[in-house]
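Asks:
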Amino acid sequence: SGFDKWIVSKSKDFTVEAYPGAGKTIFALRCAHQFLLDNPGGLVSIVVPTAYLKQQWAHEAAKVGIDIAPDWTAASGAIVSGCHGVAATYAAVSSSPESFRYLCRRPMLLISDEIHHCGDDQSWGRGMLDAFGGIAKSRIAITGTPWRTSGEKIPFVSYDEFGILSRDVSFGYAEALDAGISRPLFFPAFEGRMKWYTRGQERIATFADSIAKEEDGKRLRTALMA
Numbered sequence: 042s043g044f045d046k047w048i049v050s051k052s053k054d055f056t057v058e059a060y061p062g063a064g065k066t067i068f069a070l071r072c073a074h075q076f077l078l079d080n081p082g083g084l085v086s087i088v089v090p091t092a093y094l095k096q097q098w099a100h101e102a103a104k105v106g107i108d109i110a111p112d113w114t115a116a117s118g119a120i121v122s123g124c125h126g127v128a129a130t131y132a133a134v135s136s137s138p139e140s141f142r143y144l145c146r147r148p149m150l151l152i153s154d155e156i157h158h159c160g161d162d163q164s165w166g167r168g169m170l171d172a173f174g175g176i177a178k179s180r181i182a183i184t185g186t187p188w189r190t191s192g193e194k195i196p197f198v199s200y201d202e203f204g205i206l207s208r209d210v211s212f213g214y215a216e217a218l219d220a221g222i223s224r225p226l227f228f229p230a231f232e233g234r235m236k237w238y239t240r241g242q243e244r245i246a247t248f249a250d251s252i253a254k255e256e257d258g259k260r261l262r263t264a265l266m267a
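When we follow the working numbering, the leftmost residue of the sequence shown carries the number 42, and every step to the right adds one.
#1: Roughly how far, in whole angstroms, is the beta-carbon of alanine 276 from the beta-carbon of phenylalanine 141, given that I think they are within contact range, below 8 Å?
#2: Between arginine 262 and isoleucine 245, is the Cβ-Cβ spacing less than 8 Å?
#3: In this structure, what does DSSP give as the bridge partners for leucine 206?
#4: With DSSP as the reference, label tryptophan 113 as helix, strand or coil.
#5: How is phenylalanine 248 classed by DSSP in three states: helix, strand or coil?
#6: Rounded to a whole number of angstroms, what is the C-alpha to C-alpha distance between cysteine 72 and isoleucine 48?
#7: Verify whether the separation of the beta carbon atoms of proline 196 and glycine 175 is less than 8 Å.
#8: So the candidates are Ser135, Leu70 and Thr56; which of them puts its Cα closest to the Cα of valine 275?
#9: Which residue wins for smallest C-alpha separation from alanine 63, given the options Gly43, Gln75 and His74?
#10: Taking alanine 182 and serine 153 to be in contact with their CB atoms under 8 Å, please state how far apart those CB atoms are, rounded to whole angstroms.
#11: On the criterion of 16 or more Cβ atoms from any shown chain inside 10 Å, does arginine 146 qualify as buried, or is it exposed?
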C-alpha cells in the first residue's frame with residue numbers, strides 16, 4: 042500500500058499521484074497519525090490551494106483524532122497546546138514563509154495537497170521552498186495532475202531525464218477503473234468541417250485534412266466548443 046511504501050521510504054520527499062476518490066486524504070492522515078506517534082511534540086502542516094480545502098482537511102482530520110487549526114495565521118502566535126498542526130493555503134505560505142519556518146522548529150510533516158498548483162504561480166513555489174525547504178522533517182506531495190504546461194518546476198518533487206515527474210505511488214485512471222472508483226470514459230468522434238480564425242484569416246478543415254501542427258490544437262478546440 043501507499044502507507045507501507047511511505048513507512049519504508051528513505052527519502053524526505055514522497056510523491057503520490059492520486060485519482061479523485063482514490064482516498065488521498067485517508068492516506069495522508071494515516072501518515073500524519075504515524076508521524077505524530079513517532080515524533081512526540083511534532084506538528085503537521087497541510088497546505089492546500091483554497092480556503093475551503095483548509096476546512097475540509099481539518100474536518101476529516103478531526104474524525105481520526107488529529108486536531109488541525111484551519112484558521113491559524115502568523116498573527117495568531119503560538120499554536121494552542123494540544124493542537125497537532127495547521128492548515129494553510131499556498132498563498133498564505135508565500136506571503137509569510139518565515140511564520141512556517143518558525144513552526145518547523147519542532148519536527149514537521151508537510152502535506153502538500155494538489156501541489157501542482159505551485160507551478161501556477163511562481164511566488165507560491167518560492168514561498169513553499171522558503172518555508173519548508175530543507176527544514177521540514179518529512180514531506181508528502183499529493184497531486185492528480187503531475188505536470189505543468191507552463192514549464193514551471195513543482196517544489197519537493199523529482200523529475201527524470203525526460204522532465205517527467207517521478208511518483209512514489211501512482212493511483213491513476215486505470216487503477217481507479219479496476220477498483221470501481223471511476224466509470225469507463227467514452228470519447229465520441231467528431232465529424233464535419235471546423236471553422237476558426239488565425240490572425241484574422243479564416244481556416245476550414247476536417248479531422249481527415251492534413252494541417253500545420255500549430256493549427257491542430259485550434260481545430261480540436263473548435264470541435265469541442267461546437
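Ideal Cβ positions, reconstructed from N, Cα and C, are used throughout, including at glycine.
Replies: Taking the definition as stated:
#1: This structure gives no information on residue 276, because the portion of the chain shown stretches from 42 to 267.
#2: no
#3: Tyr200
#4: coil
#5: coil
#6: 8 Å
#7: no
#8: Because the chain here runs from 42 to 267, residue 275 falls outside it and cannot be looked at.
#9: Of Gly43, Gln75 and His74, the residue nearest in Cα terms is Gly43.
#10: 5 Å
#11: With fewer than 16 other CB atoms across the displayed protein chains lying within 10 angstroms of its CB, arginine 146 is exposed.
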